[in-house]
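Student: I'd like to ask some things about the structure below.
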Amino acid sequence: MVVRREKKSRKMHGYRNRGWGNVGQHRKAGSRGGVGAAGMHKHYWSWVVKYFPDWFGKRGFTPRGPEHTPVVTTINVGRLNEIAADLVRTGTAVYDGNRIVIDVTKMGIAKVLGGGRVTYPIKLIAYDVSERAKEKIEKAGGEVVIVGK
19 MVVRREKKSR KMHGYRNRGW GNVGQHRKAG SRGGVGAAGM HKHYWSWVVK
69 YFPDWFGKRG FTPRGPEHTP VVTTINVGRL NEIAADLVRT GTAVYDGNRI
119 VIDVTKMGIA KVLGGGRVTY PIKLIAYDVS ERAKEKIEKA GGEVVIVGK
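What follows is the structure, given as structure tokens:
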């Protein structure tokens, strides 16, 4: 057996295009059949039929418009703190010892956020509460009760 003088990986080095014909025959998108999804209705049609039969056409319905957009009603703890006395006066909130019990689920509020300051000890009943809101309420001597939707 003849000993190789060069490694196999060096094969075709120094032969200008290394087996790819003239300059440009192994270059650009033309050698790949086009850029992106080019040719899906033409020369790649058999590939589309085999691998992605649903590539073309529309299916289903995507609802748009404000009536289909879910609205998440939120309120900041600072705002609850401001209106706490008014809520007690109107009967929406009640006193439980030294705490004001506010049930925001009855007010149609989905989540309580942590903006503002809390000065009253509040017992808050809500579907969802942010971490900062929970910290602020507990720091003021209150408590948070999360109920399932």
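If you read the sequence shown in my numbering, its first letter stands for residue 19, the second for the next number, and so on. All C-beta atoms, glycine included, are put in the ideal place defined by N, C-alpha and C. Nothing here was measured: the structure is a model prediction, and the numbers come from that model.
Report the three-state DSSP secondary structure of R97 (helix, strand or coil).
Tutor: Against the sequence shown, residue 97 aligns to sequence position 79. DSSP places R97 in helix when its eight states are reduced to three.
Student: V106 by DSSP, collapsed to three states: which one?
Tutor: Here residue 106 refers to the residue found at position 88 when the sequence shown is read from its first residue. The answer is helix: DSSP assigns V106 an H, G or I state.
Student: How far does the alpha helix (DSSP H) with E149 in it reach, from first residue to last?
Tutor: On the sequence shown, residue 149 is found 131 positions in, with the first residue counted as 1. E149 to K157 is the span of the alpha helix (DSSP H), which, as asked, contains E149.
Student: Could you please give the first and the last residue of the uninterrupted alpha helix (DSSP H) stretch that includes V136?
Tutor: Looking up residue 136 in the sequence shown gives position 118. Counting along the chain, V136 falls outside any alpha helix (DSSP H), and DSSP gives it neither H nor E.
Student: For A47, count neighbouring Cβ atoms within 10 angstroms of its own Cβ and tell me buried if that reaches 16, exposed if not.
Tutor: The sequence position of residue 47 within the sequence shown is 29, counting from 1. A47 should be labelled exposed.
Student: Among residues of its own chain, excluding the 5 on either side of S64, which ones have a beta-carbon nearer than 8 Å to its beta-carbon?
Tutor: Here residue 64 is taken as the residue at index 46 of the sequence shown, counted from 1. Counting only Cβ-Cβ distances below 8 Å, and skipping sequence neighbours, we find nothing.
Student: Alpha carbon to alpha carbon, what distance is there between L98 and I127?
Tutor: Working through the sequence shown from its first residue, we reach residue 127 at position 109. Working through the sequence shown from its first residue, we reach residue 98 at position 80. Spanning the two alpha carbons is a distance of roughly 11 Å.
Student: Any idea what DSSP makes of K68, helix, strand or coil?
Tutor: The residue you call residue 68 lines up with position 50 of the sequence shown. Residue state, collapsed to three classes: helix.
Student: Identify the continuous beta strand (DSSP E) that holds V130 and give its terminal residues.
Tutor: By 1-based counting over the sequence shown, the position of residue 130 is 112. Segment K129 to L131, the beta strand (DSSP E) holding V130.
Student: Can you tell me whether V41 is buried or exposed? The criterion is at least 16 other CB atoms within 10 Å of its CB, across all chains shown.
Tutor: Start at 1 with the first residue of the sequence shown, and residue 41 comes out as number 23. Exposed, by the Cβ-count rule.
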